[in-house]
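Scroll down for the structure; my scribbles are underneath it.
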Amino acid sequence: MENPGLSRINHQPSTLRDVVLDHLRNAIIDGVFKPGERLVERVLCERLGVSRTVVRETLRYLDAEGLVEHIPHRGPIVASMTWAQARQIYDIRRMLETAAAMSCAERMTDPLAEKLRTALAELEAASRTQEPGALFKASTAFYGLIFEGAGHDIAWEVVQRLNGRISRLRIMTLTSSDRTISGPQHMRQICDAIIGRDPEAALNAVEAHLADAKAVAKRLLAQETSGDTKQ
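Put into structure tokens, the structure is as follows:
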């Protein structure tokens, strides 16, 4: 019988690690594997149909992203996220994303505006499906264009190092109905301000989005912790 959320994959040697990485990352973000759950290499090899070498390499990469942690005498487990960690991530995002949005607005071009509109449409479509893998790719592409348009390539490298944990929070909050306005509406406000070449409006839109998302994440993480305590 098929395991929901994690299926065998077609072998493509040049991209096998990346394909496995996408599968496992999406499974963690989607909650197929819960925080604290062991990730047994033998089981993952069987379920994905790949070698232990590929699985180990993938787990090391997810460890670097902060989605997996290795516990002595226990092995790799799905990393939990505390509110203290989430708060730091939002503080970092605020510094990097506001600066990128303002610079992108100042450097806006017609071709970039068209790319941003397309990326926003894809993000809104992914949000309607609430499929974590699609949301991860669409939100990463949208923000990647903003940082690229800003010329903030080093800042984007920092974001990429945190992307697993950022996306876990982003998907958690984008799909939540417990918001002042929806996540996609915030994304549209950010996009409109940047395309409108209005740095101050872009700054305000990003700050409003992150403040709302931060408050939602705090409530959801508290609920998650409370649920773990009761189990």
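Counting from 1, position 99 in the sequence shown corresponds to residue 99 in full-length UniProt numbering; the numbering is continuous, with no gaps. We put the CB at the ideal spot given by N, CA and C, even for glycine.
So what does DSSP say about PRO184, is it helix, strand or coil?
-> Working through the sequence shown from its first residue, we reach residue 184 at position 184. PRO184: helix per DSSP, three-state reduction.
Could you tell me whether the Cβ atoms of GLY66 and GLY164 are closer together than 8 Å?
-> By 1-based counting over the sequence shown, the position of residue 66 is 66. By 1-based counting over the sequence shown, the position of residue 164 is 164. Against a cut-off of 8 Å, the Cβ pair of GLY164 and GLY66 comes out as a contact.
First and last residue of the beta strand (DSSP E) that includes PRO76?
-> To locate residue 76, count along the sequence shown from 1; it is residue 76. It spans 75-78 - the beta strand (DSSP E) in which PRO76 sits, taken as one unbroken run.
DSSP-derived helix/strand/coil call for VAL68 = Translated into the one-based positions of the sequence shown, residue 68 becomes position 68. VAL68 falls in the strand class under three-state DSSP.
Sorted by chain position, which residues of the same chain lie with C-beta nearer than 6 Å to MET102's C-beta, five sequence neighbours on each side aside?
-> Position 102 of the sequence shown, counting from 1, holds the residue named residue 102. Taken in chain order, the residues that qualify are PRO199, ALA202 and LEU203.
Could you pull out every residue in the same chain whose Cβ sits closer than 6 Å to the Cβ of MET1, ignoring the five residues on either side in sequence?
-> Here residue 1 is taken as the residue at index 1 of the sequence shown, counted from 1. The pLDDT assigned to MET1 is 45, lower than 50, so where the model puts this residue is not dependable; a value taken from the coordinates is nonetheless given after this. Nothing meets the Cβ criterion.
Which one or two residues does DSSP pair with residue 238 in a beta bridge?
-> Not covered by the structure: residue 238. The range shown for the chain is 1 to 231.
In its own chain, which residues sit with a C-beta less than 7 Å from the C-beta of LEU96, not counting the 5 before and 5 after it?
-> For the purposes of this step, residue 96 is taken as residue 96 along the sequence shown, with counting starting at 1. Result list for LEU96: ALA155, VAL158 and VAL159, in chain order.
Backbone secondary structure at ARG165 - three-state DSSP | For the purposes of this step, residue 165 is taken as the residue at position 165 of the sequence shown. DSSP places ARG165 in helix when its eight states are reduced to three.
What's the gap between the Cα of VAL206 and the Cα of LEU48?
-> Residue 206 sits at position 206 when you count from the first residue of the sequence shown. Residue 48 sits at position 48 when you count from the first residue of the sequence shown. Between VAL206 and LEU48, the C-alpha separation is close to 38 Å.
Where do the ends of the alpha helix (DSSP H) carrying GLN85 lie?
-> On the sequence shown, residue 85 is found 85 positions in, with the first residue counted as 1. First-last of the alpha helix (DSSP H) with GLN85: 83-106.
Do ARG17 and THR58 have their C-beta atoms within less than 8 Å of each other?
-> Working through the sequence shown from its first residue, we reach residue 17 at position 17. Working through the sequence shown from its first residue, we reach residue 58 at position 58. Their beta carbons are under 8 Å apart, which means ARG17 touches THR58 by this criterion.
Which word fits LYS34, buried or exposed, when buried means at least 16 other C-beta atoms lie within 10 angstroms of its C-beta?
-> As a position in the sequence shown, residue 34 is number 34, starting the count at 1. LYS34 is exposed by the Cβ-count criterion.
Candidates ARG60, ARG107 and VAL54: which alpha carbon is nearest HIS152's?
-> Counted from its first residue, the sequence shown places residue 152 at position 152. Per the Cα distances, ARG107.
With a Cβ-Cβ cutoff of 8 Å, do ILE166 and PRO132 count as a contact?
-> By 1-based counting over the sequence shown, the position of residue 166 is 166. By 1-based counting over the sequence shown, the position of residue 132 is 132. With contacts defined as CB atoms closer than 8 Å, ILE166 and PRO132 fail to qualify as a contacting pair.
First through last residue of the alpha helix (DSSP H) which encompasses HIS152 = Here the question's residue 152 lines up with position 152 in the sequence shown. Counting along the chain, HIS152 falls outside any alpha helix (DSSP H), and DSSP gives it neither H nor E.
Do the segment 114-133 and the segment 184-195 touch if we need at least three Cβ pairs shorter than 8 Å?
-> yes
Minimum C-alpha distance to THR15 - residue among ALA27, VAL50, GLU41 and ILE28 | To locate residue 15, count along the sequence shown from 1; it is residue 15. Checking every option, the nearest Cα to that of THR15 belongs to VAL50.
With a Cβ-Cβ cutoff of 8 Å, do ILE130 and THR175 count as a contact?
-> Residue 130 sits at position 130 when you count from the first residue of the sequence shown. Residue 175 sits at position 175 when you count from the first residue of the sequence shown. One point to set straight first is that residue 130 is Gln, not Ile, in the sequence displayed. In this structure, THR175 lies closer than 8 Å to GLN130 by Cβ.
Cutoff 8 Å; reference ARG38; Cβ partners in own chain excluding five residues on either side = Mapped onto the sequence shown, residue 38 falls at position 38. Same-chain partners within the cutoff: ARG74, GLY75, PRO76 and ILE77.
Buried or exposed: where does GLY36 fall if 16 or more other Cβ atoms within 10 Å of its Cβ makes it buried?
-> One-based indexing of the sequence shown puts residue 36 at position 36. When all chains shown are included, GLY36 counts as exposed.
Please classify ARG42: is it buried, with 16 or more other beta-carbons within 10 angstroms of its beta-carbon, or exposed?
-> As a first step, residue 42 must be located in the sequence shown, where it is residue number 42. ARG42 is exposed by the Cβ-count criterion.
Are LEU210 and TYR90 closer than 8 Å when you measure CB to CB?
-> Position 210 of the sequence shown holds residue 210. Position 90 of the sequence shown holds residue 90. Yes.
When you compare only the Cα positions, how much space is there between GLN231 and ARG168?
-> Within the sequence shown, the letter at position 231 stands for residue 231. Within the sequence shown, the letter at position 168 stands for residue 168. Low confidence applies here, because GLN231 scores a pLDDT of 48, under 50, leaving its location unreliable and the question unanswered by this model.
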